[in-house]
Each structure stands twice: as C-alpha cells, then as structure tokens.
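Protein sequence lines correspond, in order, to chains A and B. Quick note on numbering: the first sequence equals residues 0 to 785 in numbering that gives the first Met the number 0. Quick note on numbering: the second sequence equals residues 0 to 785 in numbering that gives the first Met the number 0. Built from N, CA and C at the ideal position, the CB exists for glycine as well. Just so you know, these numbers come straight off a predicted model, no measurement behind them. Have a look at the structure below before the remarks.
Number of protein chains: 2
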Amino acid sequence: MYVVDRAPLSRTELARIDAYWRAANYLSVGQIYLMVNPLLREPLRADHVKPRLLGHWGTTPGLNLLYAHLSRIVARRGQDMIYVAGPGHGGPGLVATAWLEGTYSEVYPEVSRDAAGMTRLFTQFSFPGGVPSHVAPETPGSIHEGGELGYSLSHAYGAALDNPNLVVACVIGDGEAETGPLSAAWHSNKFLDPVVDGAVLPILHLNGYKIDNPAVLARIGDEELGALLFGYGYRAYLVQGDDPEAVHQLLAGTLDAVFDEITDIQQAARERGAVERPRWPMIVLRTPKGWTGPREVDGKPVEGTWRAHQVPLEGVLDDASHLAMLQDWMLSYRPDELFDADGRPTPPVVDWLPAGRARMSGNPHTNGGAAPRDLELPDFRGYAVPVGQTAGATSVLGAFLRDILAANDHNFRLVCPDETHSNRLSTVLQATDKAWQAAVEPVDEHLGRHGRVMEILSEHTCQGWLEGYLLTGRHGLFSCYEAFVHIVDSMVNQHAKWLKTIRHLTWRQPIPSLNYLLTSHAWRQDHNGFSHQDPGFIDHLVNKKGEVVRVYLPPDANTLLAVTDHCLRSRNDINVIVAGKQPAPTWLDMPSAIRHCQLGLGTWDWACNDQGDPELILACAGEIPTIEILAATDLLRTHLPDLRVRVVNVVDLMRLQPESEHPHGLPDTEFDAIFTADKPIIFAYHGYPWLIHRLTYRRTNHHNLHVRGYKEEGTTTTPFDMLVRNDMDRFRLVIDVIDRVPGLARDAVSLRRQMVDKRTEHRDYVRRTGRDLPEIREWAWATNRG
Amino acid sequence: MYVVDRAPLSRTELARIDAYWRAANYLSVGQIYLMVNPLLREPLRADHVKPRLLGHWGTTPGLNLLYAHLSRIVARRGQDMIYVAGPGHGGPGLVATAWLEGTYSEVYPEVSRDAAGMTRLFTQFSFPGGVPSHVAPETPGSIHEGGELGYSLSHAYGAALDNPNLVVACVIGDGEAETGPLSAAWHSNKFLDPVVDGAVLPILHLNGYKIDNPAVLARIGDEELGALLFGYGYRAYLVQGDDPEAVHQLLAGTLDAVFDEITDIQQAARERGAVERPRWPMIVLRTPKGWTGPREVDGKPVEGTWRAHQVPLEGVLDDASHLAMLQDWMLSYRPDELFDADGRPTPPVVDWLPAGRARMSGNPHTNGGAAPRDLELPDFRGYAVPVGQTAGATSVLGAFLRDILAANDHNFRLVCPDETHSNRLSTVLQATDKAWQAAVEPVDEHLGRHGRVMEILSEHTCQGWLEGYLLTGRHGLFSCYEAFVHIVDSMVNQHAKWLKTIRHLTWRQPIPSLNYLLTSHAWRQDHNGFSHQDPGFIDHLVNKKGEVVRVYLPPDANTLLAVTDHCLRSRNDINVIVAGKQPAPTWLDMPSAIRHCQLGLGTWDWACNDQGDPELILACAGEIPTIEILAATDLLRTHLPDLRVRVVNVVDLMRLQPESEHPHGLPDTEFDAIFTADKPIIFAYHGYPWLIHRLTYRRTNHHNLHVRGYKEEGTTTTPFDMLVRNDMDRFRLVIDVIDRVPGLARDAVSLRRQMVDKRTEHRDYVRRTGRDLPEIREWAWATNRG
C-alpha cells in the first residue's frame with residue numbers, strides 16, 4: 000500500500016479542518032448524551048442527560064474526519080461529490096456534518112443552526128418522534144441506510160454510473176467488509192466506464208473492531224491486505240495514525256494525490272482514448288475506534304477497542320465520576336472555540352465549507368438526482384403481437400427495451416446476473432453492449448466499454464448497482480431468474496423501508512421505481528429442477544407496506560408490454576413483473592390488453608359462457624395458470640357445454656386485496672360483482688396458493704375459493720408434469736370443478752373419470768418418452784376461440 | 000502463483016488416470032445425449048438420441064479431471080477426502096464418477112455397472128422420474144446442491160470443522176466466484192483450526208466463461224489474481240494447459256506438493272504447537288471450458304468458449320452432420336478401451352481406485368456423518384426460572400448452551416454474525432472461546448484457536464458453515480438478529496429443498512436439524528429503528544414443505560429451554576425459534592412449560608375466567624404478544640370482571656394449520672374445542688398478522704378471528720410505542736374486545752374511552768420523556784396471578 004508523505008495543510012488550513020472535525024465530534028457526542036445545556040455553558044448535571052443512551056460512537060470520529068477532508072476537496076477542486084456511509088450506525092456524525100453545513104436546518108427549519116436548534120438536534124436523536132440512530136432517509140445527503148450492512152459499495156458504483164463528473168466517496172466499515180455483498184462489490188471496477196461514468200473512491204475504514212470482535216481485515220497484516228486490494232484491482236493508499244495533526248496532514252496529502260489520480264485516469268480515457276482498465280485509487284484509513292473518546296473507563300481500555308462501539312461511557316445518570324468524564328470529554332473539543340454565544344458555528348469551523356448544491360449533504364444527486372428526467376418511452380403498442388400468434392413474452396419485451404436503451408443514453412440501465420440471453424432479452428444488445436472493462440478476447444461478443452447492460456454473476460451486486468442508480472434519479476430494470484431473486488430478499492426489504500420512509504419526508508424528491516422482471520419462472524424450470532423452482536419472492540414483498548409494492552402477472556406478451564410501460568413511468572414503487580420466456584399464446588389484442596391492465600383484473604368475455612349468471616368462476620393469475628384455466632374451460636365447453644363458466648384473469652395481484660389494505664385494492668362491491676357472493680371459484684395461481692387466501696380472506700365469497708398453485712412439488716421433469724405434480728393441470732382443474740359445482744349432470748361423472756385417466760396417461764407417457772403428451776403441446780385455444 | 004514443474008506420473012499411472020478421465024467424460028456426454036446404444040457398438044442414429052437435450056457440459060471435463068486426480072491422492076495417501084462441486088451444473092460428471100467407483104450401483108441397484116446399467120444411467124439423467132442435471136441430494140458423495148451458486152466454499156469449511164483427518168476438496172466455478180457468499184467465504188481460513196479441524200483445499204476452476212459472459216476472475220491477469228488469493232490468505236498454485244498429458248503431470252505434481260503442505264501445516268500445529276495462522280494451499284486450474292468437446296460447430300468456436308456451457312452440439316436429431324460430430328466426439332474417448340464387452344469399466348480405468356468408504360462418492364461424511372452421535376444434552380430442567388421471576392430468555396438459554404458446548408467437544412457449534420454478546424448468550428464463552436486464527440491483541444477477550452463459537456460478520460458464511468457441519472452429521476445452532484436472517488432466505492430455501500429430497504431417498508441417513516434462534520426481534524429493536532425490524536423470516540419458511548419446517552414462539556425462558564431441547568434432538572427439520580433477550584416475566588413453571596410445549600398450544604387456565612364457556616378468546620403467540628394479551632386480560636378482569644375470557648397461548652405455530660397441511664397440525668375438533676366455533680378471537684401475533692389467517696383460513700371459526708401483529712410500522716422509538724404504532728398494545732386489544740364482543744354492559748363504553756385516552760397519554764408521555772409510561776414498565780401479571 001502506498002503512503003503519501005506530504006504535509007500540504009498550512010497552519011490555517013490545519014486549524015480550520017481540525018476545528019470542523021472537533022465540532023462534528025462534539026455535536027455527535029451531544030446527540031448521544033444531551034437533552035439540554037448543549038453548549039455546556041453551565042456545569043453538566045445528570046438531568047441534562049438523556050434518560051436512555053443510544054447511538055454508535057465507535058465509527059463516528061472516522062466518518063467525521065473523512066467528511067471534513069472530503070469537504071476540503073469539494074471546496075478546493077469544485078469537485079462534485081457525494082458521501083456514502085457504509086458504517087451507517089455512525090448516524091450522529093452525518094447528522095452533525097449536515098447541520099454544520101446548514102443543510103439540516105434548510106430541510107428541518109425547526110432545527111436551526113443555533114443553540115435552540117442544537118438542543119433540538121441533540122434531543123431528537125434516537126428519540127421517539129425524532130431521527131434514527133443510523134444514516135437513514137431522514138439524513139440529508141444520504142442515499143444509503145446503514146442499518147443492515149453490506150451494500151455501500153454497490154450503491155456507490157450504481158450512483159457513479161452515467162454521472163461522469165461525480166465522485167462517490169464510499170466509506171466501508173471493516174465489519175461490513177466481511178459481508179458477502181460487500182466482498183463481491185469490490186469487483187464493480189470491472190464495469191465502471193471512465194468515459195461515461197464518474198468515479199468511486201472506496202475508503203476502507205479499519206478501526207479494528209466490530210460490535211464485539213476484531214475485524215478480519217484489521218488482523219491480516221498490511222502485506223495481505225495490500226495484496227487483497229491490489230487483487231480487487233485498486234491502488235491502495237494507507238493513512239494511519241492516532242495523532243490528529245499527523246493524520247490530518249497524511250489524509251489531506253493522500254486525498255490530493257488520489258483526486259489527481261482520478262482526474263488523470265478520466266483524462267486518459269476521455270481525452271487520449273486510453274482503453275486499459277484503470278487501476279482506480281482507494282484509501283485504507285486506520286484510526287482508533289472511538290477516537291478522541293474516553294481512553295479508559297472503570298480501568299478498562301475503551302478508545303481503540305470494541306468497547307467504544309456504541310455508548311462508550313454508560314451510567315452517567317448514576318455515577319458522578321462518569322458524568323464528570325463526559326463533561327471532560329465534551330470540553331476536550333473546546334466548544335467555546337467552535338460555537339459562538341448564540342450556538343452558531345464560528346467562522347473557522349464553517350466559512351471554508353462548500354455552499355449550496357456543492358455541499359455533500361445538499362448534493363441533489365442524493366435527493367432524486369441532479370437533473371432527473373422521465374424516460375423517453377417509445378410507444379409500446381408498436382411491439383404488439385397479433386392475437387392467436389405464439390410469442391415468447393420476454394422476447395417481445397426485448398425489442399421494447401432495446402428501443403428504450405437506444406432512446407435514453409445516460410438514463411437507463413438493465414442489470415442481470417448473467418442471464419440476459421437466457422431470459423430471451425438478447426435483442427437489447429442491438430442497442431448497446433454489456434458493460435465490460437476487463438480483458439477482452441477475440442471470441443467475445445457484445446462486450447463494450449460503454450455498454451449499459453450490466454451483467455455480473457452476483458444478484459447482490461446487480462441489486463446494489465440498480466438501487467444506487469435509482470436513488471440518484473435514473474431508471475432501470477432488474478431481470479432475474481425467479482427462484483434466485485430470493486438472494487436479494489433482504490436488500491429489497493431495506494429498499495422498501497427506504498421508499499416507505501421517503502413518502503413521508505416532504506423534502507425528499509421521488510425516485511424512479513425499482514422494477515423486477517422475473518422470468519425463467521418456477522413452471523418453466525422443469526429442466527433445471529427443484530433448486531430453480533421458487534415463486535416465493537412475491538410473498539416476501541407482499542409483507543412490505545402496501546403503498547410501496549405492486550405485483551403484476553401479465554398473461555401474455557401484449558399485457559407484459561402494457562405493464563412494463565406503466566412500471567417504467569412510476570415513482571417510489573417496487574414493481575414485480577412475472578412473465579414467461581417460452582413461446583406462449585397471445586390472448587388479447589393490444590387495445591384489450593391495455594384495458595385489461597388498467598382494470599388490473601376482469602372477466603374475459605370471449606372465454607365465458609356465463610350469460611351474466613355463472614355457475615362457477617375460473618380465475619387465473621400468471622402466464623401458465625392462464626393457459627391451464629383456458630384449457631380447462633375448453634374441456635368443459637366440449638364436455639359440459641351447458642355449464643355456465645366465467646373466466647377471470649388477474650394481472651395486478653394487489654387488486655385482490657381490500658381497498659383498505661392496498662391502494663390498488665378493488666372495492667368489495669366490484670369484487671363481488673366479478674367473483675359473485677356464492678359461486679365456487681377455482682383459482683389457478685402462479686405462486687404459492689395460500690397467498691391468494693391471504694389477500695382475499697375478507698372477501699364475501701372467500702369460503703367458496705379454491706386455489707391451485709405451486710406447492711413445492713418440484714423436480715427435473717417436463718413442463719406439463721410440473722403442473723400435474725402440483726395439481727394445477729387442466730385435468731385436475733376440471734376435476735376440481737366437478738367436485739365443487741353442485742347438481743352437475745351425469746356426464747360429469749364420466750368426464751371426471753376421463754380426467755383421472757388422462758392424468759395417468761400423461762404420467763406414463765412422460766416416463767416413457769421424456770416429453771409431454773402431444774395433445775398438450777399442440778393444444779391451442781386460438782383455434783377454439785375462432 | 001506457484002507452478003510445480005514436476006512430472007510424477009509414470010507412463011502406467013498417466014495412462015490409467017487418463018483412461019479414467021476419458022471414461023468419466025464419455026459417460027458424461029452419454030448422459031446428456033443418449034437413450035440407447037450406450038457403448039456405440041452400432042453406428043449412432045438419431046433415434047438413439049434423447050428427444051430433449053439437457054445438461055451442462057462446459058464445466059464437466061474439469062470436474063472429472065479433478066475427481067480423477069483427487070482419487071489418486073486418496074488411493075496413494077489413504078487420505079480421507081470428500082469432494083464439493085461448486086459448479087454443480089456439472090452433474091453428469093459427478094454421476095459418472097460415482098458410477099465408475101461402483102457407489103452409484105450400490106445405492107441404485109437398478110443402475111448396475113454394466114451396459115444395461117449404463118443405459119439406465121444415460122436415460123435417467125435430466126429425465127422425468129430420473130435424476131436432476133445438477134449435483135444434488137440424489138448424487139452419492141454430495142453434500143452440496145449446485146443449482147444456486149455461491150455456497151460451496153462455506154459448506155466445505157463447515158464440513159472440515161471438527162474432522163481433523165478430513166480434507167474437503169472444494170471446486171469453485173469462476174462464475175460462482177463472483178457471488179457475494181462465495182467472495183466472503185474465502186476468509187473462512189481465519190476460523191479453521193489446524194489442530195482440531197481438517198483442511199479445505201479450494202480449487203478455483205477458471206474455465207473462463209459463465210453462461211454467456213467471460214468470468215471476471217478469468218480476465219484480470221495472473222498478477223492480480225495471485226495477489227487476490229494471497230490477500231485471502233492462501234498460497235495459490237497454478238495448473239494450466241489444454242494438452243491432457245501435460246496437464247495430468249502438472250496437476251499430479253501440484254497435488255502431491257499441496258497435500259505434503261497440508262500435512263506439514265497440520266503436523267506443525269499438532270505436534271510442534273505452531274500457533275501462527277497457516278497459509279493454506281489452494282489451486283487455480285485453468286483449462287478450457289468444454290475441454291475435449293467439439294472444437295467448432297457451424298463455423299463458430301465452441302470448446303474454450305461460453306458456447307460450451309450447456310449442450311455444445313444442438314440439433315443432432317435433425318442434422319446428420321451434427322449427429323456424426325457427436326459420434327466422433329464420443330468415439331474420441333476410445334470407449335472400447337474403457338468398457339468391456341458387457342459395458343463394465345476395464346481394469347485400467349478402475350482397478351486403481353479407492354474402495355469402500357474411501358471412495359469420495361461413498362465417503363460416509365457425505366451421508367449423515369462418519370461417526371454420527373446424538374448430542375449429550377444436560378437436563379434442561381436444571382436451568383428453570385421460578386414463575387414470576389423476571390428473566391431474559393436467551394440469557395437463561397445461554398447457560399444451557401454453555402453446558403452443551405462443554406459436553407460435546409467436537410460435535411456442536413454455535414454460529415453467529417458478531418452478535419453472541421448482543422443476543423445475551425455470552426455465558427457460552429465460559430465453556431469455549433470464539434474461533435479465531437488471525438492476529439490477537441492484548442485487549443482481545445475470548446478469542447481462541449480452538450474456540451467453537453463461530454462469529455463472522457457474514458450471515459451467509461455463518462449459514463454455510465453450519466449447513467456444512469450439519470450435512471456431515473454434527474449439530475449446531477445459528478443465533479441471529481431476526482431482521483437480518485432474511486439475508487440467508489435463499490440459502491435456507493435450498494437447504495429446505497435438500498431436506499425434502501433426502502426424506503425420500505432411502506439410502507440417505509438423516510442429519511441433525513438446522514436450528515435458528517432468532518432474537519433481538521422486531522419488538523425490541525425500537526432503539527435501532529426500522530431497518531432492524533422485520534419478522535418475515537417465518538413467512539418465508541412457511542412456504543417450504545410442511546414436513547420440513549417448524550416454528551416455535553416460546554413465551555418465556557422455561558418454554559425456550561423446553562423447545563430448544565426438543566429442536567436439538569430432532570433430525571431433518573428446519574426449526575425456527577423466536578425468543579426475547581430482554582428481561583421478561585416467567586409465566587410457566589417447568590413442568591407446565593414442558594406440557595405446554597408438548598401440546599404446542601393450549602389454554603392457560605390460571606389466566607382464564609371462562610368457566611368452560613368463554614365469551615371471547617384472547618390468543619397470543621410470541622414473547623411480546625403474550626405480555627400484551629395478559630396485560631389486556633388483567634385490564635378486562637379489573638374493569639369488566641364478569642366477562643368470561645379464555646386465554647390461549649401458541650408455542651408451536653404449525654399447530655394452527657390443519658392436520659392435512661402439516662404433521663403438527665391440530666385436528667379440527669381439538670382446534671374448535673379451544674377456539675370455539677363461534678366466539679370472537681383476538682389474536683396477538685409476533686409477526687405479520689396475515690400469516691395467522693393463512694394458517695387458519697380453513698378453521699371453523701376463522702370468520703371470527705381478528706389478528707394483531709407487526710404491520711410494518713417501525714421507527715426509532717420506545718418498546719411500548721412500537722406496540723401502539725402497530726395496534727398491538729394492551730389498550731388497543733381491550734378496545735378490540737369491546738368492539739367485537741356483543742352485548743357488553745355500559746361499563747364497556749367508559750372503559751373503551753379510557754383505553755383511547757391511555758393511548759393518547761402514552762404517546763404524549765413518550766414524546767416528552769423518551770420513555771414508556773411508568774405503569775407500562777412496572778406492570779407485572781405475577782402480582783395479579785398471586
């Protein structure tokens with residue numbers, strides 16, 4: 000690792016950067032401890048202290064130090080920069096720096112930049128009705144909630160994409176560095192284009208300890224650590240020490256060198272056409288955990304150990320000596336130099352800081368984007384497939400996405416874990432390449448330095464990149480195998496929480512929705528087997544706040560086009576679209592598809608013979624359930640022509656919920672008009688059947704609802720056998736009808752027997768030939784419809 | 000990276016290892032393509048070929064090569080070894096090698112080691128009713144399903160723990176290497192004890208391509224790759240080439256060196272007491288993707304490119320030239336030398352292979368363990384807490400776990416992402432240390448080379464270690480913050496699939512259950528805020544097959560002890576236990592706790608005044624809901640003493656499901672006896688309320704069920720305010736009762752008003768003081784019970 004041994008700060012610069020740092024540290028300690036007497040203008044008493052001490056001190060002085068020095072770079076170089084705080088528990092630090100920059104008071108006017116505001120600043124921290132202890136949506140300048148660890152670096156890279164003038168400084172805690180998602184994200188530098196993208200400056204903050212253990216990367220020695228970071232593709236600079244003045248000089252000198260290097264790399268690529276993958280700089284900052292805090296408490300070392308992780312000095316309410324230590328600690332920052340009589344920061348602390356949009360806490364990239372634009376969307380109706388024609392839905396969508404990529408040069412990205420081709424979206428490569436900065440061989444295809452399709456075999460990294468891109472105001476789509484999107488369950492959890500929170504923050508601009516295209520789904524992973532079959536991501540998401548989540552199950556290519564167009568226009572939502580990639584029937588012409596998607600669910604009159612008075616409802620949601628329900632309808636029409644069947648298709652799953660539970664919920668009267676109050680409903684659903692019960696248990700006719708779906712009977716087999724194993728095949732659905740509709744004619748008995756035999760025949764045929772019965776493969780409603 | 004330039008193989012050895020490799024490759028191709036004519040004794044015709052071509056050829060020759068050479072090590076050195084195939088899509092390879100070793104026919108006698116068996120071997124592959132295309136539970140010698148990528152290395156380390164004589168060879172695909180979980184798992188070497196644990200030999204198989212893209216690690220050059228692996232703490236040996244003879248010699252020489260090195264490391268630690276963290280060897284194997292397959296098809300390069308990933312030669316049914324190429328390809332392995340007239344492998348192919356338990360495919364470590372033992376469990380009743388005494392449930396459990404650790408030296412591990420202390424389990428450190436092989440500083444506590452508490456800040460690595468440990472027949476517990484266990488959603492999915500599958504494989508031995516202790520749960524993360532609040536893991540797991548999953552919500556310390564004892568004795572299950580860590584009341588004495596846990600749910604007579612004829616049911620599941628329901632009962636008792644209330648507590652959540660849906664499901668008559676057929680039920684539940692509806696929607700009285708739970712209203716606040724925000728506080732529950740029980744006296748109206756006022760009073764008090772109302776903090780049922 001390189002060490003830059005310069006001392007670029009003049010005495011004045013050193014003094015003011017140190018003053019700023021002390022002020023930020025002072026304000027951080029104040030947030031953890033104080034209710035009143037924020038400036039310690041009177042001797043500290045127990046009743047000045049919060050009744051419950053919360054917060055994480057350990058990482059905070061390091062975060063503040065970095066914020067101070069990066070602000071110097073912003074001010075000196077006019078550098079457009081944002082700050083991602085991976086050790087997000089260090090919330091007090093980022094709140095303190097935003098307050099010093101004035102952003103905090105602009106956003107929350109009641110927290111003014113004076114003594115009264117400082118009191119509020121302290122009181123509200125980790126306090127009911129106040130602000131969380133982490134860097135969070137409530138924190139100006141943040142695009143990253145630091146509660147769950149692991150995503151800072153992929154967020155940072157996502158933010159840098161298509162932002163050529165931006166540097167994203169990303170502080171990575173040494174605890175976070177042990178997580179899988181963070182470990183994978185280092186390799187993002189093979190996907191960052193020095194021409195069209197900005198830069199990421201990773202800063203690994205080695206303060207040595209996690210909650211209760213040393214950090215691995217802090218205990219492997221410099222040689223191994225340096226090799227690791229070189230192996231990740233970086234040029235690592237080491238800044239270490241525990242003497243503030245020395246560290247200030249080292250860090251300032253290193254940052255000067257590092258930003259020169261970033262400029263050189265970008266100029267080489269942009270002006271001189273350099274095409275080698277650059278070795279981007281990064282920093283290892285090794286300073287004590289809880290630096291400048293209590294060195295020892297009750298005879299045990301605290302500064303520099305895991306004991307400084309949270310509140311380093313407990314019991315200040317009851318123990319006068321601890322209270323005195325707290326006062327000494329806070330006074331060690333010399334608050335009288337830092338804040339004037341009114342509690343305003345003094346000029347040396349703040350008069351050198353960047354202003355307006357240049358402040359990292361006020362940078363518009365972190366609040367909806369610097370120049371957010373709607374997507375230019377070509378008219379999706381132009382990609383329509385004629386009714387009756389067989390089409391792979393995602394292939395059709397591929398052409399739409401290709402034209403979106405072509406029309407939105409620096410405003411749209413497609414991310415995917417090495418599956419774009421497998422998901423039948425290769426058409427997009429007519430418009431752009433797959434991003435790739437590593438070595439290229441002659442045999443490679445569609446790899447390009449400026450590509451905007453992002454493929455890495457890490458769902459975590461894909462998700463992190465996309466979140467970072469969306470959080471800074473641009474648009475995108477994540478295409479994924481349905482089963483493996485569970486890998487990012489926890490990430491999408493956190494993003495859903497972010498979206499819920501920003502809806503209630505008036506100063507937060509909306510951001511483009513997080514859009515998933517889930518394909519290669521459970522019903523068509525018969526060849527890959529059980530490990531590839533899981534439709535449960537929907538269930539996971541439906542637990543999130545209804546206002547945030549939408550789930551769409553377009554039954555064919557035209558409805559997929561309509562739904563995708565809608566999702567790409569939306570804001571602040573998480574949209575899950577589940578669609579097929581194999582050739583399948585096209586049920587609706589485009590005008591009908593649009594109408595159907597707008598309604599979200601509805602009867603398919605052309606498939607009904609209910610004469611307005613059905614004897615049963617056949618409902619379906621999803622590509623494959625729709626086919627089976629229509630095939631079952633076909634069988635009923637042939638064998639029990641007098642049975643009055645109503646066919647209902649559901650595209651927008653949230654329509655099933657009551658109005659009170661979801662903004663898309665269908666009013667009860669409308670629901671009852673479609674599903675009746677008393678007729679049997681056979682519902683074939685794409686995923687786990689109980690989800691339909693969970694969504695509809697308050698509906699009038701719920702007791703008549705019988706749902707078929709995936710019930711975890713997976714294996715390596717044929718497509719139709721997957722249906723038979725899970726009791727969702729057309730024959731089983733017909734049996735369900737016969738078993739549930741009262742008073743059917745004698746014909747029904749023989750039809751039932753026939754259906755049972757068909758299932759046996761199918762099983763035998765599959766075992767023998769490895770293929771589905773020809774009649775299954777060849778069945779087409781279109782012929783019946785005509 | 001080191002290159003071992005020796006040629007240790009004699010001509011005979013070389014010939015037989017190459018013969019074995021060719022045989023395995025031949026059998027792999029046969030599985031992908033052929034239905035009949037397995038030995039190509041007649042010219043290949045289209046009708047010999049499978050109707051649907053499935054499988055992954057690309058990685059297979061490399062897997063086979065490694066299997067051959069590792070078998071040589073097993074045979075030569077008598078090395079106890081198992082083989083983890085990360086690139087699990089290479090299923091045909093591991094099936095082929097198991098068949099060559101004879102294990103396959105022992106396990107599946109119908110697939111005999113002759114021509115008839117070979118036909119079955121080929122036909123069944125990726126065929127309905129046959130075997131999956133991946134390395135899977137069905138594959139002898141496997142502990143790792145290779146469908147979802149990322150977990151091979153953590154599984155390998157888990158298997159090596161406490162198996163001092165075992166080497167786990169772990170092949171890592173260069174695609175898999177991009178995932179987060181795999182990237183994190185490299186650092187497992189800081190936790191592997193060279194004295195009590197075995198060794199892991201990671202083999203990074205760089206064949207250059209994923210499905211459709213080059214692999215990152217294949218395109219960063221040797222210098223960076225070598226540095227990366229050094230940085231991970233390994234000594235990397237490079238084996239590369241595309242000339243079989245040269246690669247055989249290189250690989251054999253390298254493996255000889257590597258196994259000498261492993262022996263040296265272990266001897267140094269075991270015999271000479273070396274305590275430095277060893278630099279374990281690993282191998283980088285760089286050979287062409289789809290090596291020995293078709294070089295070019297239709298003018299496009301295939302061997303050595305991503306086009307070899309799956310079926311490298313398509314269209315053999317329709318294209319005679321492709322069919323001829325397939326025949327040439329298969330004949331290039333010279334099957335007549337490899338198989339005799341009856342289709343049995345010839346002596347040069349197999350007579351040098353290890354036999355019996357020494358075969359990697361037959362190694363008992365991979366099938367329930369080499370010497371599986373039940374846990375020695377101290378009598379959990381000895382840790383009982385007296386009724387009425389306040390206790391933190393996990394603290395109490397900590398003492399039980401401590402004694403389990405003490406009594407089960409090489410048979411039990413506790414894994415945890417840096418939270419053992421935070422989860423109040425520190426007592427376990429009285430029995431053992433936290434495993435740690437990296438550098439130690441004087442300030443550190445409880446770190447030890449032989450520690451059996453495994454802490455790394457990676458839920459993925461914790462889960463992978465534990466799975467590997469269980470899959471090889473040992474026992475363990477994963478203690479985790481409830482919200483962040485979602486990080487392993489997808490891993491537990493795959494483990495659940497494994498468990499479901501092995502239940503139906505008669506030759507598979509049962510393995511100890513996967514036990515989760517989820518604490519620091521949603522209701523007590525008020526201080527950490529919204530990001531730390533998510534009870535949805537239960538919902539995720541309940542989608543898995545009922546036979547595999549159990550969920551326990553012990554309401555106090557005694558029930559936690561009873562439930563944990565039960566879970567630690569179980570096999571083949573996934574047990575989720577959700578428990579509190581904060582001081583809380585003890586409701587049941589130990590005999591009652593045991594009885595209650597055996598029943599799984601039941602009325603708490605001491606809290607009821609229903610006289611056998613309740614007017615309503617107050618039900619609860621979970622630590623906090625139990626407290627609130629009892630507090631609400633207390634309020635009702637005081638203010639509406641004539642109201643006949645029945646209190647029901649649920650420990651075993653699966654009891655709520657119908658018998659038909661889950662082995663623990665309560666029969667309807669018993670359910671109705673407890674919950675009545677027609678009385679209102681107010682149910683306070685730990686997690687998302689709709690789960691209770693999903694479990695009970697078929698029950699008689701479901702329409703009277705009203706559930707309160709976590710509805711995603713989280714923030715930084717007080718414990719009781721979390722309840723108020725989610726409408727699960729005692730006051731709200733009393734209101735629910737009043738709103739739902741018909742014909743209540745006038746007193747109810749005033750009580751309702753009082754409850755509404757209480758909620759307001761609480762909110763005001765919290766906002767003002769940051770604390771809960773004193774009456775909430777001080778409420779204790781015990782006084783009322785007495």
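- Interface with chain A (8 Å Cβ-Cβ cutoff): D255(B) is excluded.
- The residues K189 and R276, in chain order, have a CB closer than 7 Å to that of A437(A) in the same chain once the five nearest residues on each side in sequence are set aside.
- Of E614(A), V548(A) and R643(A), the smallest CA-CA separation from Q656(A) is found for V548(A).
- Residue burial is scored here from C-beta neighbours: W506(A) has fewer than 16 other C-beta atoms within 10 angstroms and is therefore classed as exposed.
- Counting other Cβ atoms within 10 Å of its Cβ, W497(B) reaches 16 or more and is therefore classed as buried.
- Straight across, the Cα-Cα distance linking C596(B) with V650(B) is about 6 Å.
- When only Cα atoms are considered, G92(B) and E147(A) end up about 40 Å apart.
- Bounds of any beta strand (DSSP E) do not take in G232(A), whose DSSP letter is neither H nor E.
- Membership of L200(A) in the beta strand (DSSP E) is indicated by the continuous run A198 to L205.
- In the three-state scheme derived from DSSP, where H, G and I count as helix and E and B as strand, M80(B) is classed as strand.
- For V170(A), DSSP records a beta bridge to A84(A) and I202(A).
- Annotation for V577(A): the continuous beta strand (DSSP E) segment containing it runs I573 to V577.
- Here A245(A) is exposed, its C-beta having fewer than 16 other C-beta atoms within 10 Å.
- K209, I210, D211, N212, P213, V215, R218 and I219: these are the residues of the stretch 206-219 of chain A whose beta carbon lies less than 7 Å from some beta carbon of chain B, given in chain order.
- Sorting G54(B), L53(B), P37(B) and H55(B) by C-alpha distance to the C-alpha of H47(B) places P37(B) at the top.
- Taking 8 Å as the CB threshold, K49(A) lines the interface with chain B.
- Comparing alpha-carbon positions, the option among R697(B), D720(B) and N725(B) lying closest to G708(B) turns out to be N725(B).
- For E454(A), the enclosing beta strand (DSSP E) stretches over residues V452 to E454.
- In the structure shown, the three-state DSSP call for I486(B) is helix.
- Assignment of beta-bridge partners to F124(B) by DSSP yields V130(B).
- Under the three-state reduction of DSSP output, V194(A) falls in the coil class, being neither helix nor strand.
- Among the CB atoms of chain B, one or more fall inside 8 Å of the CB of D488(A).
- The Cβ atoms of V755(A) and I734(A) sit closer than 8 Å to each other.
- Contact of P131(B) with chain A is assigned, a C-beta pair being separated by under 8 Å.
- Separation of S111(B) and H526(A) (C-alpha to C-alpha, rounded to the nearest whole angstrom) is 25 Å.
- When 7 Å is used as the limit between beta carbons, P300(B) is near these residues of chain A: V442, in chain order.
- Under the criterion of beta carbons closer than 8 Å, L470(B) and V414(B) do not qualify as touching, at roughly 14 Å.
- In the DSSP assignment, W586(B) falls outside any alpha helix (DSSP H) and carries neither an H nor an E.
- Chain-order list of chain A residues neighbouring W689(B): R693, by C-beta distance under 7 Å.
- DSSP places H705(B) in no alpha helix (DSSP H) but in the uninterrupted beta strand (DSSP E) bounded by L704 to R707.
- Between the alpha carbons of G368(B) and G472(B) lies a distance of about 4 Å.
- Contact between G179(B) and K209(B) is absent: CB atoms are separated by about 15 Å, not below the 8 Å threshold.
- Under the rule that a run must span 3 or more residues, the beta strand (DSSP E) segments found entirely inside the stretch 620-657 of chain B read 644-649.
- C-alpha of L750(B) to C-alpha of I737(B): approximately 9 Å in a straight line.
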